[in-house]
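Reviewing the structure listed below.
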Amino acid sequence: MKKHGVIFLLVLCVAFMSFLGACKTEDKKENYETVPILEDVRPEEEKMNTFTDLNGNEVTYNMNTRRIVALSGAGDLVAFGIRPLAVSGSTTTSGYESFFKGVDLLDYNTPFNAEEILSYKPELILVYQNMEQDNIDKLTKIAPVIPLYRESFDFEVRLGYIGEIFGLEENAETLIEYAEQVKEAQLAKIEGMGIKDKTVSIFYYAQGVSIPPTDSWYFNKIIYDYLGMKRLPIAEEFLENADNPFTPISNESLRNYEGDIVIYADLSAAGLEPEIPEILQTNPGWKTLTAVRENRVGVIDATLYTEKDVLYLQAQYDGIIKAFEKATAK
Amino acid sequence: MREKLRRRERKLYNGTKFVICMSVGCGLLLIFMIGFMYFGAEKISFADLWNGLFHFDEGNFNHVVVRDMRLPRLLADIMVGVSLSVAGAVMQGNTKNPMADSGIMGISSGSIFAVVFMMIFLPDASRLERIGYSCLGAGISTMMIYLVAFIGKKGITPERMVLSGMAISTLFSSITSGIVLKEGLTSEMLKYTAGSSANAIWMDVSVSAPFFLAGFALALMISRSLTVMNLGDDVSKGLGANTAIIKLSSTLVVLVLSAIAVIIIGPVGYVGLMVPHIVRHFVGTDYRLVLPSCAVLGALFVVVVDLIARIMIAPLEFPVGILITMIGVPFFIFVSRRQRGDAFGG
Numbered sequence: 001m002k003k004h005g006v007i008f009l010l011v012l013c014v015a016f017m018s019f020l021g022a023c024k025t026e027d028k029k030e031n032y033e034t035v036p037i038l039e040d041v042r043p044e045e046e047k048m049n050t051f052t053d054l055n056g057n058e059v060t061y062n063m064n065t066r067r068i069v070a071l072s073g074a075g076d077l078v079a080f081g082i083r084p085l086a087v088s089g090s091t092t093t094s095g096y097e098s099f100f101k102g103v104d105l106l107d108y109n110t111p112f113n114a115e116e117i118l119s120y121k122p123e124l125i126l127v128y129q130n131m132e133q134d135n136i137d138k139l140t141k142i143a144p145v146i147p148l149y150r151e152s153f154d155f156e157v158r159l160g161y162i163g164e165i166f167g168l169e170e171n172a173e174t175l176i177e178y179a180e181q182v183k184e185a186q187l188a189k190i191e192g193m194g195i196k197d198k199t200v201s202i203f204y205y206a207q208g209v210s211i212p213p214t215d216s217w218y219f220n221k222i223i224y225d226y227l228g229m230k231r232l233p234i235a236e237e238f239l240e241n242a243d244n245p246f247t248p249i250s251n252e253s254l255r256n257y258e259g260d261i262v263i264y265a266d267l268s269a270a271g272l273e274p275e276i277p278e279i280l281q282t283n284p285g286w287k288t289l290t291a292v293r294e295n296r297v298g299v300i301d302a303t304l305y306t307e308k309d310v311l312y313l314q315a316q317y318d319g320i321i322k323a324f325e326k327a328t329a330k
Numbered sequence: 331m332r333e334k335l336r337r338r339e340r341k342l343y344n345g346t347k348f349v350i351c352m353s354v355g356c357g358l359l360l361i362f363m364i365g366f367m368y369f370g371a372e373k374i375s376f377a378d379l380w381n382g383l384f385h386f387d388e389g390n391f392n393h394v395v396v397r398d399m400r401l402p403r404l405l406a407d408i409m410v411g412v413s414l415s416v417a418g419a420v421m422q423g424n425t426k427n428p429m430a431d432s433g434i435m436g437i438s439s440g441s442i443f444a445v446v447f448m449m450i451f452l453p454d455a456s457r458l459e460r461i462g463y464s465c466l467g468a469g470i471s472t473m474m475i476y477l478v479a480f481i482g483k484k485g486i487t488p489e490r491m492v493l494s495g496m497a498i499s500t501l502f503s504s505i506t507s508g509i510v511l512k513e514g515l516t517s518e519m520l521k522y523t524a525g526s527s528a529n530a531i532w533m534d535v536s537v538s539a540p541f542f543l544a545g546f547a548l549a550l551m552i553s554r555s556l557t558v559m560n561l562g563d564d565v566s567k568g569l570g571a572n573t574a575i576i577k578l579s580s581t582l583v584v585l586v587l588s589a590i591a592v593i594i595i596g597p598v599g600y601v602g603l604m605v606p607h608i609v610r611h612f613v614g615t616d617y618r619l620v621l622p623s624c625a626v627l628g629a630l631f632v633v634v635v636d637l638i639a640r641i642m643i644a645p646l647e648f649p650v651g652i653l654i655t656m657i658g659v660p661f662f663i664f665v666s667r668r669q670r671g672d673a674f675g676g
């Protein structure tokens, strides 16, 4: 009996694993290539360089190397024309396939797998800004390690830094200018829509409706800082309490958090068309919002805003403007 | 003769305690139900409460709060409290295991696995089908728990059942996590990661109600047989009880009520452990008294805890499942220690 039981369990587990393996992934949205297409103009020959990274550490590396593994900044790097051997698996590559042609996606990102990285025999490893020194030390045994700005919203800082690492200052200038142009163009659109002084409420759903924390999502920065939209004082208050983010707001009080424009951030769109889930559509608190009753809730794909890389900038702004258009439609 | 008299006295004594338990329980439940409807993130008046229930005006926000937010949530809490505590009591009687609870024993994990599985691979399935899948998952996990507990020379013992249940619970939780990691977590699935009735809607209540009522009615119908079963299989067979039918009916009750609780609120453990223990302390082991008392006290317990969860950090929500677990874990340890003491004659 014991033997049969064990066999039964094993068969069950194997069946589940086979089923999981067979799960298909859906096709994602079409190409989205608006960023200037730049070339990696670095010469092929080795050129050793000593660089002081953002943590103040000196790193000596071959600045012309193509053997790069990037755990961060993939969207910035490919915009420069640089094609690393492998990049972080969490990178938003959907719609940008041509930029990532020949670039592998790492299976492990946080935590990384040193053996996987080693298998690429890299000459330079680019990591995220907040990587612990212990992990940097581990990776340094494989190849020189340079952390990139991940948290900074300033393209001049982010892109200028990458330009300096690879001696691609001209490419950096072009991209910085492009980022500024994109922002200016969107600001003009906001002016044209006549919504500049409106209050915007962004909600997401996880165990209930809540407000996405400021630093975690780039759309907050774009909407409230770059485009200059306003947040309701009650929402500011909610976010100021560090314990609040990710805590659902009572359905009874939700309407107090409603601004002139309501945006829903879909956390599970993952490159597909974002939508308001059924569980939210039937939520009694959500249904009390005026914007919901008037069918003018803009929806954005939150996963598009997890990275701040310049490659995705136009798509990020476009997603927001499209949501604003829906939210302000008469 | 003296023994007969003593038994009669005890029966009367338990009967009196049952009446007191039910009266006090129902009275408190009524008070807390009114409190539940009155208190919340938004302040409403008694007039709004009354009118929201009996003279509903769709344009009046306070009426919407009363009828579409608080009332379905209250009913959901009552259904979950009754379901989990009655399922726990029946399970404990059926398996003769005082530690049995649908959450601890892994039955809820099976339900959650089935529902998440269905949401990913059959996204168009209706809420009714969801109940079916939840029951199916509960059924599969129950079978596996028995199977694993049965392996070995000693056969099924209460301790082995708990260990088996925990193992199966971990297995199903891991597979569910694996599927979610592979396919991505949708908003709908989040409900099944931490128990909360905050977003309960009328549809949840109305779709689940017939199954809930059927499960509860069946539990009451077999309550006498469960009491007889408690005397041991041989004695109950000698008294003419069909033990196989009773066990099957008990299992059905546990599956349906556990599955209903999962569908309405998500994973909530320990209610089925705590409430029957407290009830038995008052009314003894006669299931004709235990089950109705469990229903009232189970409903009272979940309503009170959810009321606290609603107002403790208002206008934000605290998941009731976490609060119940915070109360349930120390209780579980207490009961485990007592069982151990009993086993050694303590």
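The listed protein sequences derive, respectively, from chains A and X.
Here the working numbering is used: position 51 in the first sequence is 51, and no number is missing along the way.
Here the working numbering is used: position 339 in the second sequence is 669, and no number is missing along the way.
From the three backbone atoms N, C-alpha and C, an ideal C-beta is built for every residue, glycine too.
Where residue i sits in the DSSP three-state scheme
i, result
"N529(X)", "coil"
"A70(A)", "strand"
"V262(A)", "strand"
"D53(A)", "coil"
"K24(A)", "Interpretation of K24(A) is limited by its pLDDT of 37, a score under 50 that renders its predicted location unreliable; no figure is taken from the coordinates."
"E58(A)", "strand"
"M473(X)", "helix"
"P274(A)", "coil"
"Y168(A)", "The question names Tyr, but residue 168(A) in the sequence shown is Leu. Three-state result, L168(A): coil."
"F546(X)", "helix"
"K426(X)", "coil"
"L646(X)", "strand"
"K230(A)", "strand"
"F661(X)", "helix"
"G676(X)", "Any reading at G676(X) needs caution, since the residue's pLDDT is 34, under 50, leaving its predicted position unreliable; the model's value is listed next. If DSSP states are grouped into helix, strand and coil, G676(X) belongs with coil."
"K29(A)", "Per-residue confidence for K29(A) stands at a pLDDT of 44, beneath the threshold of 50, marking its modelled position as unreliable; no derived number is given."
"T34(A)", "coil"
Partner residues on chain X for residue i, Cβ-Cβ distance less than 8 Å
i, result
"N109(A)", "Here the premise fails: no neighbours, minimum Cβ distance about 13 Å."
"N283(A)", "N529 and I531"
Interface flag, residue i vs chain A, CB-CB below 9 Å
i, result
"R490(X)", "no"
"S538(X)", "no"
"F376(X)", "no"
"T500(X)", "no"
"L561(X)", "no"
Contact set between residue i and chain A, taken where Cβ atoms lie within less than 7 Å
i, result
"L520(X)", "A206 and Q207"
"A524(X)", "Q207"
"T516(X)", "S268 and P277"
Interface residues of chain A facing residue i [CB-CB closer than 8 Å]
i, result
"G370(X)", "S250 and E252"
Residue from the options whose Cα sits closest to the Cα of residue i
i, options, result
"L232(A)", "V35(A), Y257(A), V209(A) and I249(A)", "Y257(A)"
"G357(X)", "A629(X), R668(X) and T346(X)", "A629(X)"
"T615(X)", "F480(X), P488(X) and Q422(X)", "Q422(X)"
"W380(X)", "T573(X), Y368(X) and M448(X)", "Y368(X)"
"F662(X)", "M429(X), R400(X) and M642(X)", "M429(X)"
"A79(A)", "I176(A), V127(A) and S210(A)", "I176(A)"
"K121(A)", "P144(A), I136(A), E278(A) and N130(A)", "P144(A)"
"V69(A)", "G163(A), V209(A) and D104(A)", "D104(A)"
"F166(A)", "S253(A), N49(A), V310(A) and P36(A)", "N49(A)"
"W532(X)", "G485(X), I575(X) and R397(X)", "R397(X)"
"A179(A)", "R42(A), T247(A), V310(A) and K326(A)", "V310(A)"
"Y476(X)", "Y463(X), R457(X), M496(X) and R460(X)", "M496(X)"
"E132(A)", "I142(A), I117(A), F112(A) and I249(A)", "F112(A)"
Any C-beta of chain X under 9 Å from that of residue i
i, result
"K287(A)", "yes"
"I279(A)", "yes"
"T247(A)", "yes"
Cβ-heavy atom distance, residue i to the ligand HEM, below 8 Å
i, result
"V598(X)", "Of ligands this structure carries none, so the ligand HEM is not represented either."
Residue-level contact to chain D via CB, residue i, 9 Å cutoff
i, result
"G628(X)", "Annotation note: the requested chain D is absent from the structure, which comprises protein chains A and X."
### Message
Tell me which residues of the region 193 to 210 of chain A have at least one Cβ-Cβ distance to chain X shorter than 7 Å, keeping chain order.
### Response
Y205, A206, Q207 and G208
### Query
Going along the region 251 to 267 of chain A in order, which residues come within less than 7 Å of chain X, judged by CB to CB distance?
N251, E252 and S253
### Message
So if I threshold CB-CB distances at 7 Å, which residues from the region 383 to 403 of chain X count as touching chain A?
### Response
F391, V394, V395, D398 and M399
### Query
Which residues, in chain order, does the region 629 to 656 of chain X contribute to contact with chain A at a C-beta distance below 9 Å?
R640, I643, A644, P645, L646, E647, F648 and P649
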